[in-house]
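Working notes, beginning with the structure itself.
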């Protein structure tokens, strides 16, 4: 009895260890299955992207045509979850790409089981598999065409067989295409609303990878104009600016960016000015920058400007005198320091070239005698507006 108990006490830890190994193996298999399923899902979506892109270049119909999505079939081991995902994906692609002339319509009876009895027997089938039964049952589909999408795994490749058929007893094929890709090839993950060819998508990715850093050096050329004063004809001369700075993105999506820049302006017999400014920008055209379309940013900023010369006399709260205007003593030229608050929009193309428009308020100006308002919102007055062209490196 003692020997049996000793053997049992040794066997129990071994059994527990075997169970732990089995659980670890099951978890590893589950992780591997999820990884493989994710790769197959991306590859299947890639095949649909290529199919719809091909239809945008060569549509199966000359005009918009109602088509029933008859069904999406996938390998049995992948389950119905993949079918639902692919149905949603192809519906989204066809909705966003009207150039295919394929307009999906809803037909509940087409996917339902139809029972038809006659002298020769009883037929039980889905509506789109036996359109004659649908007709004899008195059900109208509202469409004369059906789209069948069949995915099959053949060796190391996933194959898509797409067929557009007529919804009559002949089920004649109107358009057909077979696409295949090796499962080891990465999916391009193209934007469904702006489909491009595989070569173009690859080129865009390479360009993005080559210039997707978090830091940019913007060089800006701009002009600032000021509102005309209400009590003087001596209006401010527009300031031409050249500035350079550093811009940092908070993430690869570049949804938020911050920048600092220093600018210089000079005009003969008018002024010499320098400025330091910081800006905080938010992407307005999406959640991440686009590889193919311009991006629109909104930004706010704050800065300080130091200026010297007769051209800065209008930045005072009192009217300049004749002596001040015609004073030729360069050692006694007027000087001013102004704080600046900025709000504006920036339209940027591929993080390289941008067009900027902005409004600025000068809080130190208490009157409109010399510098008037470009825009008065009541709670804030903008005395300056300007445009800039920016080149980022």
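Residue numbers (our numbering): 249 to 641. For every residue, glycine included, the Cβ atom is placed at its ideal position computed from N, Cα and C.
| Helix, strand or coil: which one does DSSP assign to residue 385? | Taking the first residue of the chain shown as position 1, residue 385 is located at position 137. Residue placement at residue 385 is flagged as unreliable, the pLDDT there being 46, under the threshold of 50; the coordinate-derived value follows with that caveat. If DSSP states are grouped into helix, strand and coil, residue 385 belongs with coil.
| residue 426 versus residue 541: straight-line alpha-carbon distance, rounded | Working through the chain shown from its first residue, we reach residue 426 at position 178. Working through the chain shown from its first residue, we reach residue 541 at position 293. Each residue's alpha carbon lies about 31 Å from the other.
| field | Cross-strand partners of residue 627 (DSSP beta bridge) | value | Stepping through the chain shown from its first residue, residue 627 is reached at position 379. Note: residue 627 is not bridge-paired with any residue in the DSSP secondary-structure output.
| When you compare only the Cα positions, how much space is there between residue 474 and residue 547? | For the purposes of this step, residue 474 is identified with residue 226 of the chain shown, where counting begins at 1. For the purposes of this step, residue 547 is identified with residue 299 of the chain shown, where counting begins at 1. In a straight line, the C-alpha of residue 474 is about 20 Å away from that of residue 547.
| message | Just to confirm my understanding: we take residue 591, look at its own chain, exclude 5 residues before and 5 after, and list those with CB closer than 7 Å. What are they? | response | Reading the chain shown from its first residue, position 343 is the one you call residue 591. Setting aside the 5 residues that flank it on each side, residue 591 is surrounded in the same chain by 548, 606, 607, each with a C-beta closer than 7 Å to its C-beta; the list follows chain order.
| query | With burial defined as no fewer than 16 other Cβ atoms inside 10 Å of the residue's Cβ, what is the status of residue 530: buried or exposed? | reply | Your numbering for residue 530 matches position 282 in the chain shown. Looking at its Cβ environment, which holds fewer than 16 other Cβ atoms inside 10 Å, residue 530 is exposed.
| field | First through last residue of the beta strand (DSSP E) which encompasses residue 603 | value | For the purposes of this step, residue 603 is identified with residue 355 of the chain shown, where counting begins at 1. Looking at the DSSP string, the run of the beta strand (DSSP E) that includes residue 603 is 601 to 609.
| message | Please state whether the Cβ-Cβ distance between residue 489 and residue 513 is less than 8 Å. | response | Taking the first residue of the chain shown as position 1, residue 489 is located at position 241. Taking the first residue of the chain shown as position 1, residue 513 is located at position 265. Between residue 489 and residue 513, the C-beta spacing is below 8 Å.
| task | Consider the C-beta atom of residue 535 and the heavy atoms of the ligand FMN; say whether any pair is separated by less than 7 Å. | result | As far as ligands go, the structure on display features none, and thus does not contain the ligand FMN.
| From what residue to what residue does the beta strand (DSSP E) around residue 525 run? | Numbered from its first residue, the chain shown carries residue 525 at position 277. Secondary structure note for residue 525: its beta strand (DSSP E) is the uninterrupted segment 519 to 531.
| Local Cβ density within 10 Å of residue 253, reported as buried at 16 or more and exposed below that | Position 5 of the chain shown holds residue 253. Note that residue 253 has pLDDT 49, beneath the 50 cutoff, so the model's placement of it is unreliable and no number is given.
| Reduced DSSP category for residue 449 - H, G, I as helix; E, B as strand; rest coil | By one-based count along the chain shown, residue 449 stands at place 201. In the three-state scheme derived from DSSP, where H, G and I count as helix and E and B as strand, residue 449 is classed as helix.
| said: Using 8 Å as the cut-off, can you tell me whether the region 459 to 470 makes contact with the region 614 to 625, which would need three or more C-beta pairs spanning the two stretches below that distance? | reply: In short, these stretches do not touch, since the Cβ pair count stays below three.
| query | Using DSSP with H/G/I as helix, E/B as strand and the rest coil, what is residue 637? | reply | As a working mapping, residue 637 is identified with position 389 in the chain shown. Residue 637: strand per DSSP, three-state reduction.
| said: Counting C-beta neighbours from all protein chains within 10 Å, is the total for residue 509 16 or more, i.e. buried, or is it exposed? | reply: As a first step, residue 509 must be located in the chain shown, where it is residue number 261. Answer is buried; the Cβ neighbour count reaches 16.
| query | According to the neighbour-count rule (16 or more other Cβ atoms, all chains shown, within 10 Å of its Cβ), is residue 292 buried or exposed? | reply | Start at 1 with the first residue of the chain shown, and residue 292 comes out as number 44. With 16 or more other Cβ atoms from the protein chains shown falling within 10 Å of its own Cβ, residue 292 counts as buried.
| task | Tell me residue 642's beta-bridge partners as DSSP assigns them. | result | Look at the range of the chain in this structure, 249 to 641, and you will see that residue 642 is not part of it.
| query | So does the region 292 to 309 actually touch the region 343 to 351, counting three or more Cβ pairs closer than 8 Å? | reply | The region 292 to 309 and the region 343 to 351 touch, with no fewer than 3 CB-CB distances between them shorter than 8 Å.
| Exposed or buried, residue 632, counting other C-beta atoms within 10 Å across all chains shown (16 or more means buried)? | Translated into the one-based positions of the chain shown, residue 632 becomes position 384. So residue 632 ends up on the buried side.
| field | Contact under 8 Å by Cβ, residue 351 with residue 314 | value | To locate residue 351, count along the chain shown from 1; it is residue 103. To locate residue 314, count along the chain shown from 1; it is residue 66. Yes, Cβ-Cβ distance for residue 351 and residue 314 is below 8 Å.
| Considering only C-alpha positions, which residue in the set 553, 408, 289, 418 is nearest to residue 332? | Counting from one through the chain shown, the residue named residue 332 turns up at place 84. The residue with the shortest Cα to Cα distance from residue 332 is 289.
| query | In terms of residue numbering, what span does the beta strand (DSSP E) encompassing residue 696 cover? | reply | Missing from the structure shown is residue 696; the chain here goes from 249 to 641 and no further.
| residue 414 vs residue 393 beta-carbon contact at 8 Å | Indexing the chain shown from 1 puts residue 414 at position 166. Indexing the chain shown from 1 puts residue 393 at position 145. A contact, by the Cβ cut-off of 8 Å.
| residue 329 (DSSP reduced to helix, strand or coil) | Position 81 of the chain shown, counted from the first residue, corresponds to residue 329. DSSP, read as helix, strand or coil, puts residue 329 in helix.
| task | May I have the straight-line CA-CA distance separating residue 522 from residue 582, to the nearest angstrom? | result | Working through the chain shown from its first residue, we reach residue 522 at position 274. Working through the chain shown from its first residue, we reach residue 582 at position 334. When rounded, the separation of the alpha-carbon atoms in residue 522 and residue 582 is 15 Å.
| said: So, with DSSP's three-state summary, where would you put residue 432? | reply: By 1-based counting over the chain shown, the position of residue 432 is 184. The predicted position of residue 432 is uncertain, since its pLDDT is 47 and thus under 50; a value taken from the coordinates is nonetheless stated next. In the three-state reduction of the DSSP assignment, residue 432 falls in the coil class.
| So, helix, strand or coil for residue 476, using DSSP? | Along the chain shown, read from residue 1 onward, the residue named residue 476 stands at position 228. Strand.
| query | Can you tell me the Cα-Cα spacing of residue 636 and residue 515, whole angstroms? | reply | Here residue 636 refers to the residue found at position 388 when the chain shown is read from its first residue. Here residue 515 refers to the residue found at position 267 when the chain shown is read from its first residue. Pairing residue 636 with residue 515, the inter-Cα distance amounts to about 18 Å.
| field | Alpha-carbon spacing of residue 396 relative to residue 339, whole angstroms | value | On the chain shown, residue 396 is found 148 positions in, with the first residue counted as 1. On the chain shown, residue 339 is found 91 positions in, with the first residue counted as 1. Approximately 13 Å, taken between the alpha carbons.
| field | residue 604 and residue 553 closer than 8 Å at C-beta | value | To locate residue 604, count along the chain shown from 1; it is residue 356. To locate residue 553, count along the chain shown from 1; it is residue 305. Taking 8 Å as the Cβ cut-off, residue 604 and residue 553 do not qualify as a contacting pair.
| said: Classify residue 527: buried if its beta carbon has 16 or more other beta carbons within 10 angstroms, exposed otherwise. | reply: Taking the first residue of the chain shown as position 1, residue 527 is located at position 279. Within a 10 Å sphere around the beta-carbon of residue 527 sit 16 or more other beta-carbons, which makes this residue buried.
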